[in-house]
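Student: One structure, pasted below without further comment.
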Amino acid sequence: MVKNHAFALFNVDLKKQIHTNALPKHIAIIMDGNGRWAKQKGMLRAFGHENGTKAVRQVVEGCAELGVENLTLYAFSTENWNRPKIEVQTLMKLLVSSLKKEISTLQKNNIKLATIGNSEALPEKVYKELQDVIEKTKDNNRMCLTLALSYGSREEILNTVKKISLKVKNNIISPEKIDESVINKHLYTQNLPDVDLLIRTSGEQRISNFLLWQIAYAELYFTNVLWPDFTKHHLYEAIIDYQKRERRFGKTSEQIN
Ligand code: IPE
Ligand code: IPE
Ligand code: MG
180 MVKNHAFALF
190 NVDLKKQIHT
200 NALPKHIAII
210 MDGNGRWAKQ
220 KGMLRAFGHE
230 NGTKAVRQVV
240 EGCAELGVEN
250 LTLYAFSTEN
260 WNRPKIEVQT
270 LMKLLVSSLK
280 KEISTLQKNN
290 IKLATIGNSE
300 ALPEKVYKEL
310 QDVIEKTKDN
320 NRMCLTLALS
330 YGSREEILNT
340 VKKISLKVKN
350 NIISPEKIDE
360 SVINKHLYTQ
370 NLPDVDLLIR
380 TSGEQRISNF
390 LLWQIAYAEL
400 YFTNVLWPDF
410 TKHHLYEAII
420 DYQKRERRFG
430 KTSEQIN
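Written out as structure tokens, the structure is:
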């Protein structure tokens, strides 16, 4: 109790250091390290995934409270289908139960749920639950929470190329008219702004096929914290670090100051 209280005060202190007028408009997180977290405790990987949902709640709540408009979480990649069948099943079950459990929190906090990725590859049960929550939260406008599920950036870009090519073939668009905004409109992330801050937990420093186009100018933040241990405190640390950086977008420091 005393420890929790001290920790809460510490968080308040850290939160105060955040400039709410310069928040990243879009935070994306590669939630990694569930398996290693469980292994360290001598438990099965599933235990890590279950505890990872607590960290999801922390970042969703933390971002919404601060006023971050878009949060995108990498929950399952196209490559993750290659994991042992039992682990994939565990993750899918966990997804359904979390969606059922969290819908009321999303409603209460005025958060809209969206998804990116190949939803058709998901089991019927997951797909239906997802559509249900998306439909029920569609008018919420405090924050957009996007789950990347069965998501792969290369697949997304491939789909985009196919969709645009078809439009060219059918004379709906001419090749000269294809610009960055046309590509943006055909990506899964069509309604989202570019990523400002990309966080990856667990010490790995790679992108693993996540939002390749959308992170062109994102600030990258890597932490050794394993995903189930990630709290609001760590989120605040990442945002404070982000706010100390100078985003130059190719210009000189003098030009932007
Ligand atoms: C992230 O944790 C969850 C998913 C990728 C679904 P991992 O399961 O990748 O955990 P590690 O990397 O093996 O520790
Ligand atoms: C990336 O984590 C995918 C998700 C977090 C959903 P992985 O654990 O699958 O990534 P790699 O295989 O270590 O690159
Ligand atoms: Mg991993």
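Here the sequence shown stands for residues 180 to 436, numbered as in the numbering used here.
Ideal Cβ placement from N, Cα and C applies to all residues, glycine included.
All values derive from a computational prediction rather than experimental measurement.
#1: Closest by CA to K437, which one among L278, A254 and M322?
#2: How big is the Cα-Cα spacing for E359 and S283?
#3: For E258, collect the residues of the same chain with a Cβ closer than 8 Å to its Cβ; drop the 5 residues on either side in sequence, then sort them by chain order.
#4: Can you tell me whether N213 is buried or exposed, with buried defined as 16 or more other CB within 10 angstroms of its CB?
#5: Report yes if the C-beta distance between I197 and C242 is below 9 Å; otherwise report no.
#6: Tell me whether the stretch 225–238 and the stretch 425–435 touch, counting them as touching only if at least three CB pairs, one residue from each stretch, are closer than 8 Å.
#7: By Cβ distance, which residues of its chain are closer than 7 Å to L399, with the 5 residues on each side in sequence left out?
#8: According to DSSP, is Y330 helix, strand or coil?
#9: Can you tell me whether H184 is helix, strand or coil according to DSSP?
#10: Do the CB positions of L285 and S298 come within less than 9 Å of each other?
#11: Taking just the CA atoms, how far does P302 sit from M271?
#12: At what residues does the beta strand (DSSP E) containing E398 begin and finish?
#13: If you compare alpha carbons, which of L390, T380 and I295 is closest to R333?
#14: Which residue comes first and which comes last in the beta strand (DSSP E) that contains A254?
Tutor: Based on what the coordinates show:
#1: Because the chain is modelled from 180 through 436, residue 437 falls outside the range shown and cannot be assessed.
#2: Going from the Cα of E359 to the Cα of S283 covers about 37 Å.
#3: G331, S387 and N388
#4: buried
#5: no
#6: With a cut-off of 8 Å, the stretch 425–435 and the stretch 225–238 do not count as touching, because too few Cβ pairs lie within range.
#7: L377
#8: strand
#9: helix
#10: no
#11: 8 Å
#12: E398 to F401
#13: L390
#14: N249 to S256
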